[in-house]
Structures are given as C-alpha cells and as structure tokens.
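Novice: Before anything else, here's the structure in question.
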Amino acid sequence: MFFFDPTYLLFALPGLLLALWAQWQVKSAFNTYSKVSTSRHVSGLEAAKILMRNNGLNIGIQGIAGQLTDHYDPRDKSISLSDSSADNSIAAVAVVAHELGHAQQDAENYFPLKLRGAIVPAVQIGGWVGPALFFIGFLIGITELAWLGVLAFALTTIFALVTLPVEFDASNRAMRMLQTSGILVNDELTGARKMLNAAALTYVAAALQSILTMLYYVMLLGGGSRRGRR
Numbered sequence: 059m060f061f062f063d064p065t066y067l068l069f070a071l072p073g074l075l076l077a078l079w080a081q082w083q084v085k086s087a088f089n090t091y092s093k094v095s096t097s098r099h100v101s102g103l104e105a106a107k108i109l110m111r112n113n114g115l116n117i118g119i120q121g122i123a124g125q126l127t128d129h130y131d132p133r134d135k136s137i138s139l140s141d142s143s144a145d146n147s148i149a150a151v152a153v154v155a156h157e158l159g160h161a162q163q164d165a166e167n168y169f170p171l172k173l174r175g176a177i178v179p180a181v182q183i184g185g186w187v188g189p190a191l192f193f194i195g196f197l198i199g200i201t202e203l204a205w206l207g208v209l210a211f212a213l214t215t216i217f218a219l220v221t222l223p224v225e226f227d228a229s230n231r232a233m234r235m236l237q238t239s240g241i242l243v244n245d246e247l248t249g250a251r252k253m254l255n256a257a258a259l260t261y262v263a264a265a266l267q268s269i270l271t272m273l274y275y276v277m278l279l280g281g282g283s284r285r286g287r288r
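Residue numbers for the sequence shown follow the numbering used here, beginning at 59 and rising by one.
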C-alpha cells in the first residue's frame, strides 16, 4: 500500500500556498477589472480585431464558453475568446491582447513557444506515467524503475519552465500592442498590467510545484527519507 510521508509537506506546501495565492490574485484582479469599462468603449472582441489589423495577424476568432478560458491554438491559427472577453472591460481587453501575444509569437516562430508545443504529447504521458512508475519502483525496491518515473515526470517540469518565458513574453507583447494602439490609456494600462501579472503568477506557482515534486522524488531515492509500506 502507498504510504504518507510527512516530509512531503515540506516540499508540497510552498508550491500549494503560492498556487492558492496566485489564484486569489487572478480572481481578485478579474473581479475588479471586468467591471471597469474602457474609456474608449472598446470590447474585447473589438480590441481583437483592432490589434490583429494593427499587427498584421491573420488568424481566426471563435467563441468558447466560460470565463478566462481564452486561448490561442497554433494548430489552426485561431484564438478562442470566452464569454467574458466579448464585454467592454479592461479585463477583457487585457486577456485578448495576451492571446494575441501568443499569435504574434507563433507568427515569428518564437522558439520557446515552438518547444513547448513540441513536447506537449510527451508531457501528457509523463505527467501521469512518471509518478506511477516512481512509486511502484520505490515501493517494490526497483530503483531503476523509480528513476525512470523521475525522468518521465521531469518532462512536466521542463514544460512548466519553458512555459514561463512564453507567458511572460506574451504579456509583454500584449502591453506593447495596447500602448501603441491607444485602446487603453493611463490607469487603464496599469489595470491591464495588474491582470497580466496576476495571471503570470499562476505559471510561476505551477513551475515551483513541479520542481519541488521532482526534488521530493530525488530526495527519496537518495535516501533522504525511509520508505514505508504495509
């Protein structure tokens, strides 16, 4: 049977607490700026069309249900905008601009974006196979199998780390597009930056959680904690 190791809390808690803080920051920023209309009365959908035209982005636009479910899909060169992004609000414009930042990355063959997309299939497998192989190998005493699990899980850590420059760069591109377009002005730009910074913190939390989990696995295999079983 699997066992509970109190030492795991030392590795899990920092990432978990940061993740909870990041989620609170995102919800707080969204709740604030989704209620603040732009002074120029531009909705997220209208902002998308303006920014696409200004930056020479020839991509499709489609709707998707929910809030903050927006994303750019490099496979069909389209952005999916959530229900909330059709509104006239600073939050909607900021989110749309961020996704167009990804579209701009794709158009320019931004290497971290390409790398992230290339490793997605392996990450999808390694994310659940890795921990399973690790604990099976660890509990039955097959160290080689446990290390194979660590290597498989390491793909998720690499993915999380590669995601950081992708997301930060997309946010920086978004702010530059908004500044040059004049869609947002003065304090509105500050609000958009707060939205994007809060969202970026969630990716930092995900990377920290992945790194600490992998370090925990390595610590167990290195003899830092006694294995237990029933």
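Note that CB positions come from ideal geometry on N, CA and C, so glycine has one too.
Between Gly-175 and Phe-211, which are expected to be in contact by the criterion C-beta below 8 Å, what is the C-beta distance as a whole number of angstroms?
Specialist: Going by Cβ atoms, the distance from Gly-175 to Phe-211 rounds to 20 Å, so no, they are not a contact pair.
Novice: Where does Ile-26 sit, in a helix, a strand or coil, going by DSSP?
Specialist: For residue 26 there is no data in the structure shown, the boundaries of the chain being 59 and 288.
Novice: For Ser-147, does the count of other Cβ atoms within 10 angstroms reach 16, so buried, or fall short, so exposed?
Specialist: With 16 or more Cβ atoms within 10 Å of its Cβ, Ser-147 is classed as buried.
Novice: Assuming Val-208 and Met-272 form a contact by the criterion Cβ under 8 Å, report the distance between their Cβ atoms to the nearest whole angstrom.
Specialist: 7 Å
Novice: Using C-beta distances below 6 Å, list every residue in its chain close to Tyr-275, excluding the 5 sequence neighbours before and after it, in chain order.
Specialist: Phe-192, Val-208
Novice: Please report the distance separating the alpha-carbon of Arg-288 from that of Trp-186.
Specialist: For Arg-288, the pLDDT reaches just 38, beneath the cut-off of 50, and the residue's location in the model is therefore unreliable, although a value from the coordinates is still provided. Taking the straight line from one Cα to the other gives about 24 Å.
Novice: For Met-59, count neighbouring Cβ atoms within 10 angstroms of its own Cβ and tell me buried if that reaches 16, exposed if not.
Specialist: Here the model assigns Met-59 a pLDDT of 38, short of 50, so the residue's position is not dependable, and the following value carries that caveat. Flag for Met-59 reads exposed.
Novice: Keeping to the same chain, check which residues put their C-beta closer than 7 Å to that of Ser-283; ignore five residues upstream and five downstream.
Specialist: Interpretation of Ser-283 is limited by its pLDDT of 43, a score under 50 that renders its predicted location unreliable; no figure is taken from the coordinates.
Novice: To the nearest whole angstrom, what separates the beta carbons of Ser-138 and Gln-162, a pair I think is in contact under 8 Å?
Specialist: The Cβ separation is near 17 Å, so there is no contact.
Novice: Touching or not, the stretch 127-145 and the stretch 66-80, by the rule of three or more beta carbon pairs under 8 Å?
Specialist: no
Novice: Gly-102 and Ser-143 look like a contact to me (Cβ under 8 Å); what is the Cβ gap, rounded to whole Å?
Specialist: 4 Å
Novice: Taking contact to mean at least 3 C-beta pairs separated by less than 8 Å, is the stretch 245-252 in contact with the stretch 214-225?
Specialist: no
Novice: Suppose you measure from the CA of Val-154 to the CA of Ala-106; what does that come to, to the nearest Å?
Specialist: Approximately 6 Å, taken between the alpha carbons.
Novice: Flag this pair as yes or no: are the beta carbons of Gly-118 and Asp-134 separated by less than 9 Å?
Specialist: yes
Novice: Leu-308 to Tyr-91, Cα distance in whole Å?
Specialist: The structure shown does not extend to residue 308, since the chain is modelled only from 59 to 288, so the question has no answer here.
Novice: Going by C-alpha to C-alpha distance, which of Leu-206, Val-151, Val-220, Ala-190 sits closest to Ile-177?
Specialist: Val-220
Novice: Whose CA, out of Glu-166, Glu-225, Gln-267, Phe-88, lies closest to the CA of Leu-67?
Specialist: Gln-267
Novice: Does the distance from the CB of Ala-114 to the CB of Ala-232 come in under 9 Å?
Specialist: One detail in the question is off: residue 114 reads as Gly in this sequence, not Ala. Taking 9 Å as the Cβ cut-off, Gly-114 and Ala-232 do not qualify as a contacting pair.
Novice: Where do the ends of the alpha helix (DSSP H) carrying Ser-140 lie?
Specialist: First-last for Ser-140: 136-140, but that is the beta strand (DSSP E), not the alpha helix (DSSP H).
Novice: Could you give the residue range of the beta strand (DSSP E) that holds Ser-156?
Specialist: Note that residue 156 corresponds to His in the displayed sequence, not to Ser. Where His-156 is concerned, there is no enclosing beta strand (DSSP E), although the alpha helix (DSSP H) it sits in stretches over 148-165.
Novice: Starting from Tyr-130, follow its DSSP beta bridges and name the residues at the other end.
Specialist: Note: Tyr-130 sits in a beta bridge opposite Ile-137.
Novice: Can you say whether Ser-229 is buried or exposed, counting buried as having 16 or more other CB atoms within 10 angstroms of its CB?
Specialist: Buried is the call here.
Novice: Kindly indicate which three-state DSSP category Arg-287 falls into: helix, strand or coil?
Specialist: Any reading at Arg-287 needs caution, since the residue's pLDDT is 39, under 50, leaving its predicted position unreliable; the model's value is listed next. Shown here, Arg-287 sits in coil according to DSSP, grouped into three states, outside any helix or strand.
Novice: DSSP state of Thr-96, grouped into three classes?
Specialist: coil
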